[in-house]
Each structure stands twice: as C-alpha cells, then as structure tokens.
Amino acid sequence: MSKSLILTTGIYDMIKDHVKRKKATAIQEATLLAQLKNAKQVTRKELPLDVVNIDTRATIKYLDNNEEEVFTFVAPDKAKKRNNTESIMSTMGLALVGYQAGDTLTWSFEEGEKEIELLKVEKI
C-alpha cells in the first residue's frame, strides 16, 4: 500500500463519507483511511485515463488462481445489476479506485484477503 492512489476530489470526499458513515468493515476502514492520507487529489481533467474511477471498465486478475474478471464502475446511483455495472462504492470499487493499470494490490473481502493485479483500465 506504499503507492499513492490518484483520486478526484469528488471520489476522495465520497470515500471519506463512506468511512464516516461506518459502511466499511474495520479492516477496510483502516485501509481506506491510510490510502486517503497519502492519496494524490486531482481534477477529473488531470486524472490519467488508466486510473480506476467512475465510468471505467477494469480488467483484473486474482493472483491466487489467475482468474480474470471485468468490472464496469459507475456512480452509486447509476449501478444496475441488469446492466452489469457496479458502484464505485461497492467493495470491489473501493478496492480498485485510484489504482492504475499494472498495479498490484491486496484487499480484505468478506471471504478473506485477495491479491489482485489490475491488468487494464478503460474509460467508458
């Protein structure tokens, strides 16, 4: 977790509010607070195209089994299962937001800790 996340000010504030409202587990909360402390805040125009944010599609690989999965992240009020979209404030959204393609991270999910490689990020 030594790498600083790149977050828009809006996402930074959403994550702070999420933590303040106690919507994350204690482990996730500690991770998020540490990430926020070191995060680089930018405007949407300054955000690199390969950083996970709202309106991005992220391709990941779980390093324990080499399985790949694709997530399409949108604003919380736009997330719909039937459209295969996921809220950026979902557990996976919080795990990946602010990371760039090529990054590797570890996140605590309900089923345990997982190590993930972020293979590709595309704007949608």
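All residue numbers for the sequence shown refer to the working numbering, where the first residue is 1 and numbers rise by one.
Even glycine gets a Cβ: it sits at the ideal position worked out from N, Cα and C.
Can you give the Cα-Cα distance for residue i and residue j, rounded to whole angstroms?
i             : j             : result
alanine 75    : alanine 30    : 23 Å
glutamate 113 : methionine 92 : 12 Å
valine 19     : leucine 32    : 8 Å
valine 51     : asparagine 38 : 16 Å
lysine 80     : valine 70     : 15 Å
leucine 94    : asparagine 65 : 22 Å
lysine 22     : leucine 96    : 19 Å
glycine 98    : aspartate 77  : 20 Å
Could you pull out every residue in the same chain whose Cβ sits closer than 8 Å to the Cβ of residue i, ignoring the five residues on either side in sequence?
i            : result
glutamine 41 : Leu7, Thr8, Thr9 and Tyr12
By the DSSP assignment, the beta strand (DSSP E) with residue i in it spans what residues?
i            : result
glutamate 68 : 68 to 74
lysine 3     : Note, lysine 3: premise wrong, no beta strand (DSSP E); not H, not E.
Residue range of the alpha helix (DSSP H) that residue i falls in?
i            : result
leucine 36   : 26 to 38
glycine 126  : An answer regarding residue 126 cannot be provided, because it is not within the stretch 1 to 124 covered by the chain.
alanine 58   : Here alanine 58 belongs to no alpha helix (DSSP H); instead the beta strand (DSSP E) covers 56 to 62.
threonine 91 : 91 to 96
Short of 7 Å in beta carbon distance, which residues of its chain neighbour residue i, apart from the five on each side in sequence? Order them along the chain.
i            : result
threonine 72 : Arg57, Asn84, Thr85, Glu86 and Ile124
leucine 47   : Ile6, Thr8 and Asn53
lysine 3     : Asp103
Please tell me whether residue i and residue j are closer than 8 Å, where the distance is taken between their beta carbons.
i             : j             : result
glutamate 67  : leucine 119   : no
threonine 25  : serine 108    : yes
isoleucine 54 : isoleucine 88 : yes
leucine 63    : glutamine 35  : no
State the CB to CB distance for the pair residue i and residue j, rounded to an integer number of angstroms; the pair is presumed to be in contact (CB under 8 Å).
i             : j              : result
isoleucine 60 : isoleucine 116 : 5 Å
Excluding the five sequence neighbours on either side, which residues of its own chain have a C-beta within less than 6 Å of the C-beta of residue i, listed in chain order?
i             : result
methionine 1  : Legend: pLDDT at methionine 1 = 44, less than 50; position of this residue unreliable, no value from coordinates given.
threonine 104 : Glu117
alanine 101   : Asp50, Leu118, Lys120 and Val121
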